[in-house]
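**Student:** Under the numbering used here, the sequence shown has 506 at position 383, and the numbering climbs by one with no breaks.
For glycine and all other residues, C-beta sits at the position ideal for the given N, C-alpha and C.
Before I ask anything, here is the structure I am working with.
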Amino acid sequence: MSTLPHEKPPSLDQINLRPSERVAQYLLREFDDPDLKEGTRLPSNRELARRLKVSVPTVQGVLRQLAQEGRIAARRGSGTYLVAQPARRQESIRISVAAPLDCHALEIQDPWLNSIFGGLMPAVLRSQRPITLVGISPEEFGTDISTRRMLDQVPQSDGLILIPYAFMPKDRELVINSFEKAGKPVVHLHAPDMLSVANFASMDYYGVGHRIGEAFRAGGRRRVALLMGTFAYSTALRWQHAGLVAGLGRSVGSAISLSLPSQLKEGNRESAYHAMKELLSERKALPDALYAANREEAAGALRALEERKVRIPEDLSVVVARDLFPGITAYPGLTHGVHPLRQVGSALLEMVCERIARENASLPGRIFPCTFAGGETTTAEENAVLFASA
Numbered sequence: 124m125s126t127l128p129h130e131k132p133p134s135l136d137q138i139n140l141r142p143s144e145r146v147a148q149y150l151l152r153e154f155d156d157p158d159l160k161e162g163t164r165l166p167s168n169r170e171l172a173r174r175l176k177v178s179v180p181t182v183q184g185v186l187r188q189l190a191q192e193g194r195i196a197a198r199r200g201s202g203t204y205l206v207a208q209p210a211r212r213q214e215s216i217r218i219s220v221a222a223p224l225d226c227h228a229l230e231i232q233d234p235w236l237n238s239i240f241g242g243l244m245p246a247v248l249r250s251q252r253p254i255t256l257v258g259i260s261p262e263e264f265g266t267d268i269s270t271r272r273m274l275d276q277v278p279q280s281d282g283l284i285l286i287p288y289a290f291m292p293k294d295r296e297l298v299i300n301s302f303e304k305a306g307k308p309v310v311h312l313h314a315p316d317m318l319s320v321a322n323f324a325s326m327d328y329y330g331v332g333h334r335i336g337e338a339f340r341a342g343g344r345r346r347v348a349l350l351m352g353t354f355a356y357s358t359a360l361r362w363q364h365a366g367l368v369a370g371l372g373r374s375v376g377s378a379i380s381l382s383l384p385s386q387l388k389e390g391n392r393e394s395a396y397h398a399m400k401e402l403l404s405e406r407k408a409l410p411d412a413l414y415a416a417n418r419e420e421a422a423g424a425l426r427a428l429e430e431r432k433v434r435i436p437e438d439l440s441v442v443v444a445r446d447l448f449p450g451i452t453a454y455p456g457l458t459h460g461v462h463p464l465r466q467v468g469s470a471l472l473e474m475v476c477e478r479i480a481r482e483n484a485s486l487p488g489r490i491f492p493c494t495f496a497g498g499e500t501t502t503a504e505e506n507a508v509l510f511a512s513a
């Protein structure tokens with residue numbers, strides 16, 4: 124009678140997994156080891172909890188679920204044993220992910236993307252087939268090497284999850300075309316362009332912008348400043364802008380004006396600070412509303428507003444479209460959009476698996492609604508719109 128081998132760290136343990144997901148990931152990876160045989164005994168619950176740094180009740184909950192799925196069998200007084208499923212192992216699939224799966228690494232700190240990848244593992248666990256995910260190493264991300272690495276994966280991969288800012292546009296098209304010509308389906312994080320209707324999963328950026336525009340209109344705002352970085356490579360930003368303009372209504376350009384500072388680097392607090400100072404120094408009426416693409420840009424702008432002693436939200440309301448850097452707590456009550464990142468991550472994996480199963484057939488794009496949180500940097504009238512039930 125064999126036992127599970129000595130402890131090995133999960134290959135994706137740097138993803139921001141919940142404790143139960145970490146336990147399930149570890150066990151299922153071990154179960155899919157082709158060297159394991161029927162009757163392999165699992166470590167004790169206490170030993171698994173120690174290895175994976177979780178509580179014993181967490182381990183027990185995962186084991187109950189695996190028992191219901193027929194993956195393990197408990198024998199009173201003896202232990203818990205693997206129920207072999209060789210047919211399942213023969214149908215394994217390999218999916219490439221055009222980004223580093225380890226987003227805690229020093230080379231790339233991306234809590235937003237890390238949260239999306241946190242949704243991949245639940246989808247892996249729900250799959251009826253074992254799945255191997257292969258990403259780009261953090262030190263190679265964004266370099267020419269990452270493009271070559273992804274192209275090298277085409278023969279071994281069954282499909283691709285594309286992260287839009289993993290490559291420059293020319294390299295992005297090269298990778299997409301290489302996978303598609305080989306009959307390997309591609310699913311995109313966000314619609315690849317404004318006319319796309321298939322093979323992507325995204326948050327409802329248009330809806331977020333539209334709700335914010337409606338809120339500013341309800342609050343009587345007339346001079347809206349935009350801190351949105353460049354639109355050059357981001358469909359998400361273009362959808363946000365389109366939604367905002369639609370939400371503000373027909374008064375845009377007449378009773379309601381929009382201003383966009385120059386030389387703003389997306390996600391850069393210092394750049395946003397100087398951009399806001401530029402707007403405040405102009406010999407025009409001061410803005411009375413601020414639409415920031417993310418919390419980092421809002422933090423820089425708020426610093427400039429505090430120096431000018433602008434009252435928030437009385438003189439000027441501030442809304443952040445997406446909470447790109449949730450760890451920033453200088454303004455915990457900042458009004459901001461809350462995006463279902465894990466749901467989008469799960470959808471990406473589910474969609475690419477479904478496209479593989481359906482021999483590369485296209486699937487309708489999936490857009491997930493967002494909510495709002497905070498509320499301290501917007502007025503009661505604005506909050507009534509932002510926090511209204513969808």
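Would you kindly report the start and end of the unbroken beta strand (DSSP E) that includes residue 305?
**Tutor:** Reading the sequence shown from its first residue, position 182 is the one you call residue 305. No beta strand (DSSP E) holds residue 305; DSSP gives it neither H nor E.
**Student:** What is the DSSP secondary structure of residue 411, reduced to helix, strand or coil?
**Tutor:** Counting from 1 along the sequence shown, the entry for residue 411 is found at position 288. Coil.
**Student:** Pull the bridge partners of residue 326 from the DSSP assignment, please.
**Tutor:** Against the sequence shown, residue 326 aligns to sequence position 203. In the DSSP output, where bridge partners are listed per residue, residue 326 has 491.
**Student:** Residues in the same chain with beta-carbon distance under 6 Å from residue 211, minus the five sequence neighbours each way, listed in chain order, please.
**Tutor:** On the sequence shown, position 88 is the one that residue 211 refers to. Residue confidence is low: residue 211 scores 44 on pLDDT, short of 50, so the model does not pin down where it sits. No coordinate-derived value is stated.
**Student:** Taking the alpha-carbon positions, what's the residue 445 to residue 360 distance?
**Tutor:** Counted from its first residue, the sequence shown places residue 445 at position 322. Counted from its first residue, the sequence shown places residue 360 at position 237. Rounded to whole angstroms, residue 445 to residue 360 spans 11 Å at the Cα level.
**Student:** Measure the CB-CB distance between residue 193 and residue 143 and report whether it falls below 8 Å.
**Tutor:** One-based indexing of the sequence shown puts residue 193 at position 70. One-based indexing of the sequence shown puts residue 143 at position 20. Contact flag unset, no.
**Student:** Between which two residues does the beta strand (DSSP E) harbouring residue 441 extend?
**Tutor:** Residue numbering aside, residue 441 sits at position 318 when the sequence shown is read from its first letter. Looking at the DSSP string, the run of the beta strand (DSSP E) that includes residue 441 is 440-445.
**Student:** Could you give the residue range of the alpha helix (DSSP H) that holds residue 379?
**Tutor:** By one-based count along the sequence shown, residue 379 stands at place 256. Here residue 379 belongs to no alpha helix (DSSP H), and DSSP marks it neither H nor E.
**Student:** For residue 307 and residue 483, what's the separation of their Cα atoms in angstroms?
**Tutor:** Taking the sequence shown and counting its residues from 1, the one referred to as residue 307 is at position 184. Taking the sequence shown and counting its residues from 1, the one referred to as residue 483 is at position 360. Each residue's alpha carbon lies about 7 Å from the other.
**Student:** May I have the straight-line CA-CA distance separating residue 435 from residue 381, to the nearest angstrom?
**Tutor:** Within the sequence shown, numbered from 1, the residue matching residue 435 stands at position 312. Within the sequence shown, numbered from 1, the residue matching residue 381 stands at position 258. Going from the Cα of residue 435 to the Cα of residue 381 covers about 19 Å.
**Student:** Taking the straight line between their C-alpha atoms, what separation do you get for residue 393 and residue 401?
**Tutor:** Within the sequence shown, numbered from 1, the residue matching residue 393 stands at position 270. Within the sequence shown, numbered from 1, the residue matching residue 401 stands at position 278. Rounded to the nearest angstrom, the two C-alpha atoms are 12 Å apart.
**Student:** Of all the options 416, 384, 419, which has the alpha carbon lying nearest to the alpha carbon of residue 405?
**Tutor:** Against the sequence shown, residue 405 aligns to sequence position 282. Nearest option by C-alpha distance: 384.
**Student:** Any idea what DSSP makes of residue 168, helix, strand or coil?
**Tutor:** Stepping through the sequence shown from its first residue, residue 168 is reached at position 45. In this structure, residue 168 counts as helix in the three-state DSSP scheme.
**Student:** Considering only C-alpha positions, which residue in the set 175, 150, 508, 349 is nearest to residue 190?
**Tutor:** Walking along the sequence shown from the start, residue 190 turns up at place 67. Of 175, 150, 508, 349, the residue nearest in Cα terms is 150.
**Student:** Is it the case that the Cβ atoms of residue 221 and residue 284 are separated by a distance below 8 Å?
**Tutor:** Looking up residue 221 in the sequence shown gives position 98. Looking up residue 284 in the sequence shown gives position 161. Yes. Within cutoff.
**Student:** What is the DSSP secondary structure of residue 391, reduced to helix, strand or coil?
**Tutor:** Mapped onto the sequence shown, residue 391 falls at position 268. Coil, per DSSP.
**Student:** Going by C-alpha distance, which of 322, 316, 236, 290 is nearest residue 81?
**Tutor:** A question about residue 81 goes unanswered here, because the residues of the chain that appear run from 124 up to 513.
**Student:** Below 8 Å on the Cβ atoms is my contact criterion, and I expect residue 256 with residue 195 to pass it. Report the Cβ-Cβ distance as a whole number of Å.
**Tutor:** Your numbering for residue 256 matches position 133 in the sequence shown. Your numbering for residue 195 matches position 72 in the sequence shown. Wrong, their Cβ atoms sit about 23 Å apart, outside the cutoff.
**Student:** On the three-state DSSP scale, how would you describe residue 199?
**Tutor:** Here residue 199 refers to the residue found at position 76 when the sequence shown is read from its first residue. Looking at residue 199 - three-state DSSP - the assignment turns out to be coil, as it is neither helix nor strand.
**Student:** Distance check for residue 295 and residue 276, CA to CA, integer angstroms please.
**Tutor:** Position 153 of the sequence shown, counted from the start, is the residue given in the question as residue 276. Position 172 of the sequence shown, counted from the start, is the residue given in the question as residue 295. When rounded, the distance between both Cα atoms is 15 Å.
**Student:** Per DSSP, which one or two residues make a beta bridge with residue 459?
**Tutor:** By one-based count along the sequence shown, residue 459 stands at place 336. Residue 459 pairs with 443, 496.
**Student:** If we count the other Cβ atoms within 10 Å of its Cβ and call it buried at 16 or more, is residue 408 buried or exposed?
**Tutor:** Stepping through the sequence shown from its first residue, residue 408 is reached at position 285. Classification of residue 408: exposed, given that the 10 Å Cβ count is below 16.
**Student:** If you measure from the CB of residue 438, is any heavy atom of the ligand NAD nearer than 7 Å?
**Tutor:** The ligand NAD is absent from the structure shown, which contains no ligand whatsoever.
**Student:** Using the Cβ count rule (16 or more neighbours within 10 Å means buried), how would you classify residue 511?
**Tutor:** Residue 511 sits at position 388 when you count from the first residue of the sequence shown. It is exposed - the Cβ of residue 511 has fewer than 16 other Cβ atoms within 10 Å.
**Student:** Which value, in whole angstroms, describes the spacing of the CA atoms of residue 507 and residue 163?
**Tutor:** Here residue 507 is taken as the residue at index 384 of the sequence shown, counted from 1. Here residue 163 is taken as the residue at index 40 of the sequence shown, counted from 1. When rounded, the distance between both Cα atoms is 58 Å.
**Student:** So, with DSSP's three-state summary, where would you put residue 404?
**Tutor:** In the sequence shown, counting from the first residue as 1, residue 404 sits at position 281. DSSP places residue 404 in helix when its eight states are reduced to three.
**Student:** Under a Cβ-count criterion, where at least 16 other Cβ atoms within 10 Å of its own Cβ denotes burial, should residue 515 be classed as buried or exposed?
**Tutor:** Since the displayed the chain opens at 124 and closes at 513, residue 515 lies outside it and no answer follows.
**Student:** Within 10 angstroms of its Cβ, does residue 417 collect 16 or more other Cβ (buried), or is it exposed?
**Tutor:** Here residue 417 corresponds to residue number 294 of the sequence shown, with the count starting at 1. It counts as buried.
**Student:** Where does the unbroken beta strand (DSSP E) through residue 219 begin, and where does it stop?
**Tutor:** Translated into the one-based positions of the sequence shown, residue 219 becomes position 96. Looking at the DSSP string, the run of the beta strand (DSSP E) that includes residue 219 is 216-221.
**Student:** Is the beta carbon of residue 505 closer than 8 Å to that of residue 348?
**Tutor:** For the purposes of this step, residue 348 is identified with residue 225 of the sequence shown, where counting begins at 1. For the purposes of this step, residue 505 is identified with residue 382 of the sequence shown, where counting begins at 1. For residue 348 and residue 505, no; Cβs fall outside 8 Å.
**Student:** Would you list the one or two residues that DSSP bridges to residue 346?
**Tutor:** Here residue 346 refers to the residue found at position 223 of the sequence shown. Its beta-bridge partners are 380.
**Student:** Are the stretch 289-303 and the stretch 325-332 touching, with three or more C-beta to C-beta distances below 8 Å?
**Tutor:** They do not touch, by the three-pair rule.
**Student:** State the Cα-Cα distance for the pair residue 234 and residue 465, rounded to the nearest angstrom.
**Tutor:** Locating residue 234 in the sequence shown gives position 111, counting from the first residue. Locating residue 465 in the sequence shown gives position 342, counting from the first residue. Approximately 12 Å, taken between the alpha carbons.
**Student:** Excluding the five sequence neighbours on either side, which residues of its own chain have a C-beta within less than 8 Å of the C-beta of residue 488, listed in chain order?
**Tutor:** Position 365 of the sequence shown, counted from the first residue, corresponds to residue 488. Closer than 8 Å at the Cβ level, and outside the excluded window around residue 488, lie 314, 319, 320, 321, 322, 323, 324, 325.
**Student:** Would you mind stating whether residue 469 and residue 242 have Cβ atoms separated by less than 8 Å?
**Tutor:** Position 346 of the sequence shown, counted from the start, is the residue given in the question as residue 469. Position 119 of the sequence shown, counted from the start, is the residue given in the question as residue 242. Contact flag set, yes.
**Student:** Measuring only the C-alpha atoms, how far is residue 333 from residue 365?
**Tutor:** One-based indexing of the sequence shown puts residue 333 at position 210. One-based indexing of the sequence shown puts residue 365 at position 242. Taking the straight line joining both Cα atoms gives about 8 Å.
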